[in-house]
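Structure, as structure tokens:
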Amino acid sequence: AAVQDLAGRHVVISAGGTREPLDPVRFLGNRSSGKQGYALARTAVARGARVTLLSANAALPDPAGVDVVHVGTAVELREAVIRAATGADVVVMAAAVADFRPETYATGKIKKKDGHEPEPIFLVRNPDILAEISADRSRPGQVVVGFAAETDDVLANGRKKLARKGCDLLVVNEVGERKTFGSEENEAVLLGADGSETPVPYGPKEVLSDTIWDVVARLVSAGDTL
Ligand code: PMT
Numbered sequence: 182a183a184v185q186d187l188a189g190r191h192v193v194i195s196a197g198g199t200r201e202p203l204d205p206v207r208f209l210g211n212r213s214s215g216k217q218g219y220a221l222a223r224t225a226v227a228r229g230a231r232v233t234l235l236s237a238n239a240a241l242p243d244p245a246g247v248d249v250v251h252v253g254t255a256v257e258l259r260e261a262v263i264r265a266a267t268g269a270d271v272v273v274m275a276a277a278v279a280d281f282r283p284e285t286y287a288t289g290k291i292k293k294k295d296g297h298e299p300e301p302i303f304l305v306r307n308p309d310i311l312a313e314i315s316a317d318r319s320r321p322g323q324v325v326v327g328f329a330a331e332t333d334d335v336l337a338n339g340r341k342k343l344a345r346k347g348c349d350l351l352v353v354n355e356v357g358e359r360k361t362f363g364s365e366e367n368e369a370v371l372l373g374a375d376g377s378e379t380p381v382p383y384g385p386k387e388v389l390s391d392t393i394w395d396v397v398a399r400l401v402s403a404g405d406t407l
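Using full-length UniProt numbering, you'd call the opening residue of the sequence shown number 182 and step up by one each time.
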């Protein structure tokens with residue numbers, strides 16, 4: 182059995198990708214399958230944590246022993262994160278959250294009009310859940326972990342994002358056409374707000390998850406003295 186270094190801890194994990202509806206049949210979405218977030222949930226349970234998994238559109242079975250809340254949009258995910266994070270020891274934002282959503286929702290299916298150019302789609306900004314949770318720790322010593330999906334200048338962009346979001350740890354993974362999103366494996370560097378850098382080579386998403394929990398378990402016990 183795994184070490185029980187998360188026993189007695191309440192861990193909140195977001196997984197999957199938000200979908201921002203345009204009309205009753207269409208949405209703006211992304212390629213997240215939820216596999217990374219679900220692997221985090223399974224490995225946290227194995228280490229003794231009480232786990233709340235906030236799942237955005239992942240077509241995966243609910244993991245055993247996990248309290249699963251299903252959400253659709255970024256705004257719904259924000260509400261679920263804020264509710265679940267109250268009093269939680271750890272919050273991990275593994276979900277791919279849409280930065281923007283369509284300004285308007287058409288209650289009827291958008292139709293193409295013969296002889297007309299398509300209508301433009303206007304976008305408005307979504308709330309930044311990770312920045313909000315990081316700024317507003319609901320419990321002293323709460324550990325907040327973010328992910329960063331980057332396509333270039335991965336580490337430099339990761340450092341900037343860590344500072345901007347204000348979390349304790351940022352898991353930076355490089356994404357590509359068939360890389361990371363949807364696959365069984367991942368490769369990442371864990372950037373700590375304390376300046377630490379932990380590379381995790383290409384391998385199963387469970388292995389990356391366990392390395393994240395190694396770092397988080399240390400941060401949580403350090404926070405016990407706060
Ligand atoms: O689900 P899989 O197929 O297994 O793929 C895993 C993954 C690639 C989705 C995952 O490993 C990952 O990188 N998740 C974060 C994707 C993402 O949205 O990255 P970002 O760089 O756009 O966002 C940075 C961080 O801010 C993330 O923790 C994100 O959850 C959070 N965020 C982003 C926008 C927003 N409006 N609110 C947020 O909280």
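We treat Cβ as the ideally placed atom computed from N, Cα and C, and that holds for glycine.
Determine, using beta carbons only, whether residue i and residue j come nearer to each other than 9 Å.
i    : j    : result
V325 : D349 : yes
R200 : G246 : no
V353 : I393 : no
L235 : R282 : no
Q217 : A265 : no
K386 : N367 : yes
L371 : L336 : no
L258 : S195 : yes
L389 : V397 : no
V192 : D270 : yes
R190 : A222 : no
Taking the alpha helix (DSSP H) that residue i belongs to, which residues open and close that run?
i    : result
T392 : 386–404
R340 : 335–346
L350 : Run containing L350: none in the alpha helix (DSSP H); it sits in the beta strand (DSSP E), 350–355.
Assign residue i to buried or exposed, taking buried as 16 or more other Cβ atoms, counted over all protein chains shown, within 10 Å of its Cβ.
i    : result
G327 : buried
R306 : exposed
G197 : buried
Q323 : buried
R359 : exposed
K342 : buried
F362 : buried
A403 : exposed
A182 : exposed
T233 : buried
Run through the DSSP bridge pairs and tell me what residue i is partnered with.
i    : result
F281 : R306
K360 : G357
P380 : V370
I194 : L234, V273
D252 : Reading the sequence as shown, one finds Val at residue 252 and not Asp. BP columns for V252 point to A237.
A261 : DSSP lists no partner for A261.
V326 : V273, L350
For chain B, find out if any of its Cβ atoms is closer than 9 Å to the Cβ of residue i; answer yes or no.
i    : result
A182 : In summary, chain B is missing from the structure at hand, where a single protein chain is found.
Does at least one heavy atom of the ligand SAH sit under 8 Å from the Cβ of residue i?
i    : result
I263 : What this structure holds is the ligand PMT, not the ligand SAH.
Could you pull out every unbroken beta strand (DSSP E) segment of at least 3 residues lying fully inside the segment 197–250, listed in chain order? 201–204, 207–209, 231–237
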